[in-house]
Amino acid sequence: MPTDEPGPRARFRPAVPGDAPRLADVHIRALMVTYRGIDPQEWLDSLPSQLREREERWTDRLTRLPEEPVLVAEVPPAGIVGFAVGGPARKPSYGYDAELISLYLLPEHQRRGIGRELTRQLVRALLTRGFERVLVRVLTANPARLFYERLGAYPIGTTTVEVGGATLEESLYGWPDPRASFAEEAPAEPAGPSSRTR
Ligand SMILES: CC(C)(COP(=O)(O)OP(=O)(O)OC[C@H]1O[C@@H](n2cnc3c(N)ncnc32)[C@H](O)[C@@H]1OP(=O)(O)O)[C@@H](O)C(=O)NCCC(=O)NCCS
């Protein structure tokens, strides 16, 4: 379960192809918890059987698309506990050129500032690659919408997405001026539970 308890500090780095097995595992575990009660349960139950296929997709992405940033957060002794993926904005893009495509943390590492720092670093990596405006899609039923609002994203529209045979509403949020929203340097106290006092 998400927790505010202190623990070891997170480290952040670009993903490498050797991370693919752990990324597939973390992704599936996070998906199964995040979308319980939102996505069709049959689809969620099928996720563990997709482990190998998803591992291959991660390897493929990390090998063939080095221009699309993938960052991981590591917490000892667990290793990778979350990741963020960026790239060109998918349609409809409302004039935004880049997208925070995916952001997932294991439940027990949420609400410790790791998501905020992964987002900051991912957005800065997109800016370094020449992108200018960043959007993110989030299922309207997912409380993570409030996380993006907390990080200063503006609501820019809605669309729909097919998941496991169901049609679900997605909310789009954007950072029209991401240089202003996300500092180039990490805050003086690096993200991680040991720096949090609440
Ligand atoms: C959404 C997610 C990436 C946020 O990362 P996190 O490390 O838990 O969030 P942080 O600790 O960095 O929180 C940053 C701020 O957002 C707030 N916040 C985070 N999640 C929130 C939520 N679900 N509801 C309300 N506020 C939230 C925090 O309280 C914090 O506010 P503060 O500035 O007042 O301290 C993470 O919770 C997660 O992986 N969730 C499940 C997967 C998911 O939904 N991903 C998004 C798919 S589009």
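Counting with this note's numbering, you get residues 1 to 198 for the letters of the sequence shown.
Glycine included, C-beta positions come from ideal geometry on N, C-alpha and C.
Where residue i falls: helix, strand or coil (DSSP)
i             : result
valine 16     : coil
proline 187   : coil
glycine 79    : strand
glutamate 74  : strand
threonine 167 : strand
arginine 116  : helix
tyrosine 94   : coil
isoleucine 28 : helix
tyrosine 173  : strand
leucine 65    : coil
arginine 111  : coil
proline 54    : The amino acid at residue 54 is misidentified as proline; the sequence shows arginine. Here arginine 54 sits in helix by DSSP.
leucine 139   : strand
Residue nearest to residue i in terms of C-alpha spacing, selected from the options
i            : options                           : result
arginine 154 : Gly79, Val85, Val161 and Pro178   : Just to set this straight, residue 154 is tyrosine in the shown sequence, not arginine. Taking only the C-alpha atoms, the option nearest tyrosine 154 is Pro178.
leucine 65   : Arg145, Pro14, His27 and Ser46    : Pro14
alanine 188  : Gly157, Glu117, Arg129 and Tyr173 : Glu117
arginine 90  : Leu135, Pro76 and Phe182          : Leu135
glutamate 68 : Ser102, Pro92 and Glu55           : Ser102
glycine 164  : Thr158, Arg29 and Ser46           : Ser46
valine 26    : Leu127, Val75, Gly113 and Ala141  : Val75
alanine 141  : Gly130, Thr160, Leu126 and Arg129 : Thr160
tyrosine 94  : Gly79, Pro176 and His109          : Pro176
arginine 57  : Ile28, Pro92, Arg9 and Leu127     : Ile28
arginine 9   : Gly79, Gly130, Gly87 and Gly37    : Gly79
glycine 113  : Gly37, Ala186, Val33 and Met32    : Ala186
Short Cβ contact (7 Å threshold) for residue i with residue j
i             : j                 : result
leucine 23    : alanine 84        : no
leucine 139   : leucine 168       : yes
valine 72     : leucine 106       : no
glutamate 162 : arginine 137      : no
proline 17    : threonine 63      : yes
leucine 172   : glycine 157       : yes
tyrosine 104  : alanine 166       : no
aspartate 97  : glutamate 149     : no
arginine 120  : phenylalanine 182 : yes
Classification of residue i by the beta-carbon crowding that lies within 10 angstroms, buried from 16 upward
i             : result
serine 194    : Caution applies to serine 194, whose pLDDT of 41 falls short of 50 and renders its modelled position unreliable; the value that the coordinates give is listed next. Serine 194 is exposed by the Cβ-count criterion.
aspartate 60  : exposed
serine 49     : exposed
tyrosine 35   : buried
arginine 11   : exposed
arginine 180  : According to the sequence shown, residue 180 is alanine rather than arginine. Per the 10 Å Cβ criterion, exposed.
aspartate 39  : buried
glutamate 53  : exposed
glycine 199   : Any answer about residue 199 is impossible in this case: the structure gives the chain only from 1 up to 198.
threonine 197 : For threonine 197, the pLDDT reaches just 29, beneath the cut-off of 50, and the residue's location in the model is therefore unreliable, leaving the point undetermined.
Residues sharing a beta bridge with residue i, DSSP
i             : result
valine 85     : Val70 and Ser102
glutamate 162 : Thr167
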